[in-house]
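Let me begin by presenting the structure, written as structure tokens, before commenting on it.
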DNA sequence: AGAATAGTGTCTCTAAGACACTATATA
DNA sequence: TATATAGTGTCTTAGAGACACTATTCT
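Protein chains in written order, with this note's numbering: chain H, 1 to 237; chain V, 1001 to 1237.
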């Protein structure tokens, strides 16, 4: 079924009906063994058969864009965005981006903790995690560009929001949080300065009173604070 | 004419064709007499007849999204984005946002200098500038929300990019640049500290060697520098 | 005791904010 | 000379980066 808009959108405008296929694509990032990873699916049919692509699919008739992205994430990974973070990234609509016709894709960015439940066993045939540094060939469609934009968005948002916590489990140590920054930015940070910074920036993290039990001195466990923005920001060098 | 995508988008996906109307809407900002202003058009037909709305229209069949936004800007204002700035803002696709049917709008943000050529005389019947602080009723559709998002984007980008120069003519004084910050942020800034900051931040502005001729000591004229990002940023209090 | 990891204290340097002062034009 | 606007210098303070040191666990 196709919905048709009747009448001019506004006076002075033209009447071309602009019916276009709308999809959502997902840049799903997580951190595994200290490395930034992205979820990719292998294309089984043309175009770009055999290439890796971002997960995604068509927006349903009566479905919000963010809801569509959440549904696709669930279908492809078997996991909800609940413990992590999901936001709109950017919309890609260049006429030639899909050889089959005009498709506008509203890309979304998801940040997830490294969940114990693996991706396998979900609906998605070939969804798998790939270390960002080790992606072999070019991705299908313009997904390479979308992936780059998503990674850059994540890198930038770590600076001025507490979003690094989306990569962590509900309770985490300062060292784990620092590991997120190091993996996403591809740098190393001074553990002492980072600790001071993270614990003194208002609303970034709150102590739970609990401690870890591993080798070495036990680390205090923290939960995400209520700040939406970091004041002052945690800038990259 | 309607383009239809044949075949599944990718394996594992569903087959709903997701045909939706795609439009571009524009948040066009400028500064007039020291106040931040937005370009609005009055709706002559239902729905929302008589209400103010953002300019916009349908994306053409073989047209890029940014190009569509540029075209609408030209049609509504008679002016190109060339001297200013145009970027994608965000996409709005809530199912109920247009009572006539499913319409996904890719909103764009345009920042323009206060051009001597007025908006009148252009294609647009009722396009006019409105002081942001003095917009009477609610806007049509979800345009109030889009406008808020656009203004917030502009406010944020002044912090860490040299985008304030998009509101200025090609050559401008430091006092004019400061006026942009004050209008967009709705604050007052210390003229002396701002001068130091603007002239010492690498790549923000470059001197032309020219000077103004008005009352008082002549001010040096500057042009936009080649920096894409301000290091360090110029943060709001 | 020794290894391993967590967390604190201190110093230096950069940059922001407050504000007095100097500079150069017009009326 | 008065007025108006442009631009510089200085002081204080917040915060980032470098890095020595202390703390608390396990083996």
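Just so you know, even glycine gets a beta-carbon here, dropped at the ideal spot from N, CA and C.
With 16 other CB atoms within 10 Å as the buried threshold, where does residue i fall?
i: residue 25 (chain H); result: buried
i: residue 1224 (chain V); result: buried
i: residue 1121 (chain V); result: Summary for residue 1121 (chain V): the model assigns pLDDT 49, below 50, so the residue's position carries little reliability; its value from the coordinates is reported in the next sentence. By the 10 Å Cβ count, residue 1121 (chain V) comes out exposed.
i: residue 1146 (chain V); result: buried
i: residue 1070 (chain V); result: buried
i: residue 14 (chain H); result: Its pLDDT being 39, under 50, residue 14 (chain H) is placed unreliably in this model, and the value from its coordinates should be taken loosely. By the neighbour-count rule (16 or more Cβ atoms within 10 Å), residue 14 (chain H) is not buried but exposed.
i: residue 40 (chain H); result: buried
i: residue 1106 (chain V); result: buried
i: residue 81 (chain H); result: buried
i: residue 1136 (chain V); result: exposed
i: residue 959 (chain V); result: Residue 959 (chain V) lies beyond the residue range present for chain V, which begins at 1001 and ends at 1237; the question has no answer from this structure.
i: residue 1235 (chain V); result: exposed
i: residue 249 (chain H); result: In this structure chain H extends from 1 to 237, so residue 249 (chain H) is not present and cannot be described.
i: residue 1202 (chain V); result: exposed
i: residue 1001 (chain V); result: Residue placement at residue 1001 (chain V) is flagged as unreliable, the pLDDT there being 34, under the threshold of 50; a coordinate-derived value is accordingly withheld.
i: residue 68 (chain H); result: buried
i: residue 44 (chain H); result: exposed
i: residue 217 (chain H); result: exposed
Looking at residue i: is its Cβ nearer than 7 angstroms to the Cβ of residue j?
i: residue 1184 (chain V); j: residue 1227 (chain V); result: no
i: residue 230 (chain H); j: residue 160 (chain H); result: yes
i: residue 198 (chain H); j: residue 174 (chain H); result: yes
i: residue 1022 (chain V); j: residue 104 (chain H); result: yes
i: residue 166 (chain H); j: residue 85 (chain H); result: yes
i: residue 72 (chain H); j: residue 50 (chain H); result: no
i: residue 1102 (chain V); j: residue 1020 (chain V); result: yes
i: residue 1142 (chain V); j: residue 1074 (chain V); result: no
i: residue 1204 (chain V); j: residue 1162 (chain V); result: yes
i: residue 1130 (chain V); j: residue 1038 (chain V); result: yes
i: residue 1114 (chain V); j: residue 1031 (chain V); result: yes
i: residue 1144 (chain V); j: residue 65 (chain H); result: no
i: residue 126 (chain H); j: residue 42 (chain H); result: yes
i: residue 95 (chain H); j: residue 47 (chain H); result: no
i: residue 1208 (chain V); j: residue 1176 (chain V); result: no
Whole-angstrom Cβ separation of residue i and residue j, contact assumed at under 8 angstroms?
i: residue 211 (chain H); j: residue 191 (chain H); result: With 8 angstroms as the limit, residue 211 (chain H) and residue 191 (chain H) do not qualify as a contact, their Cβ atoms being about 17 angstroms apart.
i: residue 1053 (chain V); j: residue 1110 (chain V); result: Actually they do not touch by this definition, with Cβ atoms about 16 angstroms apart.
i: residue 187 (chain H); j: residue 237 (chain H); result: 7 angstroms
i: residue 1079 (chain V); j: residue 1132 (chain V); result: 19 angstroms between Cβ atoms; not a contact.
Interface residues of the region 89-119 of chain H facing chain V [CB-CB below 7 angstroms]: Hits within the stretch, in order: 90, 91, 93, 94, 95, 100, 101, 102, 103, 104, 106.
Chain-ordered residues of the region 61-87 of chain H with a beta carbon less than 8 angstroms from chain V: Listed by position along the chain: 61, 62, 63, 64, 65, 75, 76.
Chain-ordered residues of the region 19-45 of chain H with a beta carbon less than 8 angstroms from chain V: 19, 20, 21, 22, 23, 41, 43, 44, 45
Length-filtered (4 minimum) alpha helix (DSSP H) runs lying within the region 1185-1230 of chain V: 1191-1200
Beta strand (DSSP E) runs wholly inside the region 48-94 of chain H, at least 3 long, in chain order: 56-58, 85-92
Uninterrupted beta strand (DSSP E) stretches inside the region 1091-1176 of chain V (no shorter than 3 residues): Runs of the beta strand (DSSP E) inside the region 1091-1176 of chain V: 1103-1111, 1128-1131.
Within 7 angstroms of chain H by C-beta, residues of the region 1139-1157 of chain V in sequence order: none
Chain V contacts made by the region 154-186 of chain H, where a contact means CB separation under 7 angstroms: none
Residues from the region 200-212 of chain H in contact with chain V, defined by Cβ distance under 7 angstroms: none
Contact set between the region 1049-1061 of chain V and chain H, restricted to residues whose Cβ is under 9 angstroms from the partner: Within the region 1049-1061 of chain V, the residues whose Cβ lies closer than 9 angstroms to some Cβ of chain H are 1053, 1055, 1056, 1057, 1058, 1059, 1060, 1061, listed in chain order.
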